[in-house]
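Below: one structure, written as structure tokens.
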Amino acid sequence: MRRAAGHRIGLGLIVCLLDTAPMAEPLSGEALFAVACEACHSLGPEPDHRIGPPLGGLHGRKAAGVRGFGYSPALQASGWVWTLPTTVAWLSDPDAAIPNNAMNYVNALSAEETQRLAEWLLAQP
Amino acid sequence: MNPLLSRRQLLLTSVAAPFANAQSIGIGGPVGHKILVIGAGLAGLNAALILEQWGFDVEVVEARDRVGGRLWTLDHMPGAPEGGGNVIGSGYGRVIYRAHELDVPLRTPPSALPSDYQIGGQRIPRSDWAVADANPLPDDWREIHPERLLAKLNEDNPLLKTRAWHHVDLMAQDQPADVGLRSLGFPESAIRLINANNSYGNHLSDTSLMGLYRVLGEFGRLSGPALAVTEVTQGNMRLPEAMANRLTRPVSLNEPVLRIRQTPAGIKATLTSGRTLDADAAVIAVPLPALGQIALDLPPDRRALLKSVAYHKVVQLHCIVDEPFWEAAGWSGSWWTDGQLGRIFTRPIPDSTRHNMTIWINGDDCDRLNALDADACTDMILSALWKLVPEAKGVTSVGQLVRWTTDPFAGGAWALWKPGQAGSAHDAIRAPTGRLFFAGEHTAEAYRGMEAAMESGERAALEVLRLLA
């Protein structure tokens, strides 16, 4: 009994601490790109040392559209064009969007963050 | 432009107008937050670099006398073999990015020599495998080499189509791997061979089939040039060293953490040295066996879960071979055995006539070796080596014994998933608790190995940013 009571006190303390944790402002699309995308994707026009294709000027571009980048056959055959709905779908679950793609990425962002990231990304020249 | 200011401006002017005054404060983060990062492996260092880029005041403490965690280049040996993480996959985007950013050159590793076999006490030349009497496999399996047997799983691997390895629809596969392999038609002889040298489980009966699908899926999605791997030219340790050197504050070495308490204002860490550190949040980026030694405010079920995750047992004996003794005897130079020695990987030392030879024993076969002291362990392995290849004696010397399981700051080589854990444990072990955030390869979703560590550090940094940016 004594131990159980101790556990309850411990859990109560943790809940209390969670309640007092500060809440930050939502992260911007640019910030989300910098943390979650930039290691593999530049915003330039051409492939560089990163393993993913560059994402500058993405809006309205055909999937697998950067010359010189080795896209997966699945992406090449997808017929996708990058718009807000397709970009959100792709970022949310790439495997569901275009099976057999080569991007080994599991989305760690919330739905709102994914939307914000996609909107920002598509606005980049 | 100062990259720190650039990052901070980007964060503040975009979304955090209330913190705009902090933009002119200079170093110290948008609101002067301090983050404690525990563990200076790739996970902790990547989290630290990202958070520092965003202007947080970051302090990294490390229990060992070096950074790198389970990257450990044996610099004191000719050829500087890797005692820890050894290859960088072509898809390790974060590792490759950091290496490029920090001017850490990568190279194609020298290839290991091909393996011959020692099965049931019989030596089998590689080219004779399919027809050798000692090949225990049934007729329609005989041409598959032992090291390729597990890859048969990719003929029906659900994780070739999706990376959601703990999706509820797939949880029927979260079963003991030996049971699963039998149901898929693997013969007992194949299961025995897989068990002999399985890098992804200590014993198949105690390993989730889903865990194996996950590993095999990662390989199965690659082909052609994508299968190429690299390593850091001067040793993989140079990458975490460069990452640590980029940080504003030096990593505090030899500082194991004893206790972390959460307070309404932040966290307070007590180190075994007696130092106490206050911070607004902590990223804990250590393997679970090491985490278990830190007193934390965690609910009992969470603590029990952390202790339930198994780690892969690995014993390596790193040797130097002065002369290629295998040539006169007609052998290839590496061996794959179903006996005590496990696998022997031999590779040439560039610009030298000598070779690095690593005897790599894993799984439950390590138990009796780990029960011995280092000298007795080394002697037992060498005795087996002289028995397997008497020609090695006299031209082979020991450089380093590596035992990850008995290392108190590792507890094993990497996390394994028991049957039933793929669906439940993985999410739970990484969930933030108040101001405590968790990183490390065991918490990664998409990758394993070095990239998993980097991925996890990135995710933990994102969680901190959500709370405090």
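Quick mapping for you: the protein sequence lines, in order, are chains A and B. Counting in our numbering, the first sequence runs from 1 upward without gaps. Counting in our numbering, the second sequence runs from 126 upward without gaps. Beta carbons are placed, not taken as given, at the ideal position from N, Cα and C, and that holds for glycine. As the structure is a computational prediction, the values presented were derived from the model and not from experiment.
For residue i, which three-state DSSP category applies?
{"i": "residue 354 of chain B", "result": "strand"}
{"i": "residue 518 of chain B", "result": "coil"}
{"i": "residue 432 of chain B", "result": "helix"}
{"i": "residue 376 of chain B", "result": "coil"}
{"i": "residue 65 of chain A", "result": "coil"}
{"i": "residue 482 of chain B", "result": "strand"}
{"i": "residue 78 of chain A", "result": "coil"}
{"i": "residue 282 of chain B", "result": "coil"}
{"i": "residue 345 of chain B", "result": "helix"}
{"i": "residue 236 of chain B", "result": "coil"}
{"i": "residue 567 of chain B", "result": "helix"}
{"i": "residue 51 of chain A", "result": "coil"}
{"i": "residue 319 of chain B", "result": "helix"}
{"i": "residue 114 of chain A", "result": "helix"}
{"i": "residue 119 of chain A", "result": "helix"}
{"i": "residue 87 of chain A", "result": "helix"}
{"i": "residue 504 of chain B", "result": "helix"}
{"i": "residue 219 of chain B", "result": "helix"}
{"i": "residue 551 of chain B", "result": "helix"}
{"i": "residue 124 of chain B", "result": "This structure does not reach residue 124 of chain B, given that chain B is present from 126 up to 594, and the question cannot be answered."}
{"i": "residue 43 of chain A", "result": "coil"}
{"i": "residue 530 of chain B", "result": "coil"}
{"i": "residue 589 of chain B", "result": "helix"}
{"i": "residue 213 of chain B", "result": "strand"}
{"i": "residue 256 of chain B", "result": "helix"}
{"i": "residue 229 of chain B", "result": "coil"}
{"i": "residue 578 of chain B", "result": "helix"}
{"i": "residue 152 of chain B", "result": "Annotation note: pLDDT 33 at residue 152 of chain B (below 50); position unreliable, coordinate value reported separately. Here residue 152 of chain B sits in coil by DSSP."}
Chain B beta carbons: is any one of them nearer than 7 Å to that of residue i?
{"i": "residue 37 of chain A", "result": "no"}
{"i": "residue 105 of chain A", "result": "yes"}
{"i": "residue 49 of chain A", "result": "yes"}
{"i": "residue 123 of chain A", "result": "no"}
{"i": "residue 27 of chain A", "result": "yes"}
{"i": "residue 63 of chain A", "result": "no"}
{"i": "residue 108 of chain A", "result": "yes"}
{"i": "residue 99 of chain A", "result": "yes"}
Does residue i come within less than 7 Å of chain A when only Cβ atoms are used?
{"i": "residue 154 of chain B", "result": "Residue confidence is low: residue 154 of chain B scores 49 on pLDDT, short of 50, so the model does not pin down where it sits. Its coordinate-derived value is still stated next. Not an interface residue."}
{"i": "residue 566 of chain B", "result": "no"}
{"i": "residue 286 of chain B", "result": "yes"}
{"i": "residue 570 of chain B", "result": "yes"}
{"i": "residue 360 of chain B", "result": "no"}
{"i": "residue 222 of chain B", "result": "yes"}
{"i": "residue 593 of chain B", "result": "yes"}
{"i": "residue 238 of chain B", "result": "no"}
{"i": "residue 149 of chain B", "result": "Low local confidence applies: a pLDDT of 28 at residue 149 of chain B is under 50, so the model's placement there is unreliable, with the coordinate-based value given in what follows. For residue 149 of chain B, the answer is no, since every Cβ of chain A falls outside 7 Å of its Cβ."}
{"i": "residue 246 of chain B", "result": "no"}
{"i": "residue 342 of chain B", "result": "no"}
{"i": "residue 467 of chain B", "result": "no"}
{"i": "residue 584 of chain B", "result": "yes"}
{"i": "residue 551 of chain B", "result": "no"}
{"i": "residue 590 of chain B", "result": "yes"}
Assuming residue i contacts residue j (C-beta within less than 8 Å), just tell me the rounded distance between them.
{"i": "residue 463 of chain B", "j": "residue 244 of chain B", "result": "5 Å"}
{"i": "residue 483 of chain B", "j": "residue 441 of chain B", "result": "6 Å"}
{"i": "residue 183 of chain B", "j": "residue 354 of chain B", "result": "About 31 Å; that fails the 8 Å criterion."}
{"i": "residue 610 of chain B", "j": "residue 367 of chain B", "result": "As shown, chain B starts at 126 and ends at 594. That puts residue 610 of chain B outside it, with no answer to give."}
{"i": "residue 376 of chain B", "j": "residue 589 of chain B", "result": "That pair is no contact at about 18 Å."}
{"i": "residue 439 of chain B", "j": "residue 540 of chain B", "result": "Rounded, the Cβ-Cβ distance is 13 Å, inconsistent with contact."}
{"i": "residue 283 of chain B", "j": "residue 295 of chain B", "result": "5 Å"}
With 16 other CB atoms within 10 Å as the buried threshold, where does residue i fall?
{"i": "residue 119 of chain A", "result": "exposed"}
{"i": "residue 556 of chain B", "result": "exposed"}
{"i": "residue 76 of chain A", "result": "exposed"}
{"i": "residue 69 of chain A", "result": "exposed"}
{"i": "residue 315 of chain B", "result": "buried"}
{"i": "residue 129 of chain A", "result": "The requested residue 129 of chain A does not occur in the structure, where chain A is confined to residues 1 to 125."}
{"i": "residue 604 of chain B", "result": "Past the boundaries of the shown model lies residue 604 of chain B; chain B is included only from 126 to 594, so the question cannot be answered."}
{"i": "residue 476 of chain B", "result": "exposed"}
Is residue i close to the ligand HEM? I mean its beta-carbon at under 6 Å from any heavy atom of the ligand.
{"i": "residue 56 of chain A", "result": "Among the ligands in the structure shown, none appear at all, so the ligand HEM cannot be discussed."}
Pull the bridge partners of residue i from the DSSP assignment, please.
{"i": "residue 388 of chain B", "result": "B:391"}
{"i": "residue 159 of chain B", "result": "B:182"}
{"i": "residue 301 of chain B", "result": "B:333"}
{"i": "residue 189 of chain B", "result": "For residue 189 of chain B, which the question treats as bridged, DSSP gives no partner whatsoever."}
{"i": "residue 456 of chain B", "result": "None; residue 456 of chain B has no bridge partner."}
{"i": "residue 461 of chain B", "result": "B:242 and B:468"}
{"i": "residue 408 of chain B", "result": "B:162 and B:562"}
{"i": "residue 249 of chain B", "result": "B:242"}
{"i": "residue 523 of chain B", "result": "B:444"}
{"i": "residue 494 of chain B", "result": "Note: residue 494 of chain B sits in no beta bridge, so no partner."}
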